[in-house]
Amino acid sequence: MDQTSTAIDAANRVMAAHIAALNAGDERALAATLHFPHYRLSGGHLKTWNNPDEYLADFHARAGDGWHHSEWDALDVIAAEPGKVHLDVRFTRYRDDGSVLGEFRSLWIIAELGGQWAAQLRSSFAP
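According to the working numbering, numbering within the sequence shown proceeds without interruption in unit steps and concludes at 223.
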């Protein structure tokens with residue numbers, strides 16, 4: 097396997113771990129899928145988390161009271177090199193009864209920094 101394919105596999109593992117940790121409410125596992133500082137551009141506002149302490153609580157505030165879980169609908173590679181992968185991500189947020197809260201698209205940048213693969217930044221159309 098070449099280095100770019102290895103990077104894509106690593107990015108897919110990060111994304112799988114991220115959604116599993118998010119849905120489980122596992123703050124430590126979720127933080128392990130993100131580089132800090134972590135950046136998110138949405139609605140013309142760049143949000144920066146300098147450490148993981150407030151990340152999950154902030155997600156719950158953005159997702160709303162009815163959020164139960166999320167699922168990746170598509171993780172498409174836009175570009176990749178040995179240390180970084182750009183993903184076109186489509187995802188759905190669901191209520192407990194399985195009804196859809198919203199479907200969204202975002203751009204995720206997964207990078208290897210200091211030997212660790214994690215999401216460094218993203219731009220999202222989700223609130």
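For every residue, glycine included, the Cβ atom is placed at its ideal position computed from N, Cα and C.
Residue i in three-state terms, based on DSSP
i: S101; result: helix
i: A116; result: helix
i: A170; result: strand
i: H134; result: strand
i: A153; result: helix
i: A222; result: coil
First and last residue of the uninterrupted beta strand (DSSP E) at residue i
i: F187; result: 180 to 190
i: D149; result: Taken as a continuous stretch (DSSP letters only), D149 belongs to no beta strand (DSSP E), as it is neither H nor E.
i: A127; result: Element bounds for A127: not the beta strand (DSSP E) but the alpha helix (DSSP H), 123 to 127.
i: W204; result: 196 to 209
Whether residue i touches residue j by CB criterion (9 angstroms)
i: S195; j: S138; result: no
i: H156; j: A215; result: no
i: R136; j: R189; result: no
i: V181; j: W168; result: no
i: G198; j: L152; result: no
task = Take every Cβ of the stretch 161 to 175, pair it with every Cβ of the stretch 138 to 150, and state whether three or more of those distances are shorter than 8 angstroms.
result = no
ask   = On the three-pair Cβ rule with 8 angstroms, is the stretch 108 to 117 touching the stretch 200 to 217?
value = yes
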